[in-house]
Amino acid sequence: MTLIACWIKKHKFSSQLVIASDSMLSSGERWPCCPKLFRFDRQDCVICFSGNTAYTYPIILQIHSTINMNEKFQSRALDIHDLSGVIVKLANSMITQRTDAPSNGFSAPDCAFLFAGYSWKLNCFKAWKIYFNENKKLFKKLEIINDKNKKLFYFQGDNEKIATIETLKATKNHKKPLNMIPLSILIKNINSKKNEDSCIGGAPQLIIISKHMNSLPYNIYWPNKKNGKLTFWGRILNEDEKNKYLALDPETMLIYEYPFLKKSTQLIITEDNKKNLYILLIKILKNIAII
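Be aware that the sequence shown starts at 2, since it is given in the numbering used here, and climbs by one per residue.
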């Protein structure tokens, strides 16, 4: 299986939607460098999965192709709220075309998807779990994130209940801001010795969606910048590989720009660096006043 974390990270000036996952696939062997987050050319949404990849990968690839080849879908003329229905319809059309079913009857696909993004129509971040309803023998969708209804975080996959409880404890039942707590909980599950024989593992992969309807994936230093290697979508990058994205040290939550020797001006705000950010802002404002 998998563990996916999806949450709204709020701060003083704005908010963002963050989606993160582990990178482990297993089927008789363990493969800790596999992509589980998929974004589209339209940039305002992401889809990811948990469960059997015999179902998830073909369905996601068809969803990806359908959205990118349709002008209305790709241009964002169709809002993600309506696009989520298109995705469910596509998944159902594919699942009904299976043949050579088991002799004992219908085989329910053991998988689920998480579709998330920013809705210009409703002016909010939203996410849905797309799951298979065995009674109706169809995929259905369930709203799991909506910042207007205070649905602020969600875990999907292995250990989802434990991760949810740990997040509620860490935030004192929503009294403290989420910041990057769900990512820390995900990393804790990845590193847990209890999960050594499970399907949670590999470097985390992460993408952030902003209200200007653009998404930004991150390189991840794994397990940290000091002792780790640079990864992207869970895969360790070769020494000669370069990309344009920022790099996150999950131990300190600091962000680095290419060539990753200096800290980026784009900070992920945590309680630890919030005071330093305010001090820097005051200094900038004083300099402006002097000028």
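Note that beta-carbon positions come from the ideal geometry of N, C-alpha and C, so glycine has one too.
In this text, all values refer to a predicted model and were calculated from it rather than measured experimentally.
Residues P110 and C112 of the same chain have their beta carbon placed closer than 7 Å to that of Y56, with the five preceding and five following residues left out of the count.
In the structure shown, N134 adopts extended strand secondary structure according to DSSP, grouped into three states. Judged by beta-carbon spacing, I48 lies within the 7 Å limit of F116, meaning their Cβ atoms are closer than that value. Its chain contains L26 as the residues whose beta carbon lies nearer than 7 Å to that of T54, once the 5 sequence neighbours on both sides are disregarded; these appear in chain order.
Rounded to the nearest whole angstrom, the C-alpha separation of R40 and K194 is 31 Å. The region 140 to 159 and the region 5 to 22 touch, with three or more beta-carbon pairs separated by less than 8 Å.
Note that the region 168 to 180 does not touch the region 225 to 245; fewer than 3 beta-carbon pairs, one per stretch, sit closer than 8 Å. Closest option to T253, judged by alpha-carbon separation, among G202, I182 and W32: I182. E167 sits in a helix when the DSSP states are folded into three classes. Burial check for D45: the Cβ neighbour count within 10 Å reaches 16 or more, so the residue is buried. Leaving aside the five residues that flank F133 on each side, the residues in its chain whose CB is nearer than 6 Å to its CB run, in chain order, A109, P110 and F140.
When the beta-carbon positions are compared, A78 and L184 stay at least 7 Å from each other. When C-alpha distances from K243 are compared across K227, P251, F261 and I283, the shortest belongs to F261.
With contact defined as three or more Cβ pairs closer than 8 Å, the region 31 to 39 and the region 199 to 213 are in contact.
Between L179 and I221 the beta-carbon gap is near 19 Å, outside 8 Å, which marks them as no contact. Taking all protein chains in view, the Cβ of S51 is crowded by 16 or more other Cβ atoms within 10 Å, so the residue is classified as buried.
DSSP, reduced to helix, strand and coil, places Y222 within a strand of the structure shown.
Linking F114 to I280 through their CA atoms gives a straight-line distance of about 42 Å. The shortest C-alpha to C-alpha distance from W223 to any of A204, S211, N215 and M214 is the one to A204. Distance from the CA atom of I163 to the CA atom of L187, rounded to whole angstroms, is 11 Å. Out of K73, N93 and I81, the CA that lies nearest to the CA of Q63 is found in N93.
One Cα belongs to N228, the other to E167, and the distance between them is close to 27 Å.
Counting only the Cα atoms, Y257 lies some 34 Å from L84.
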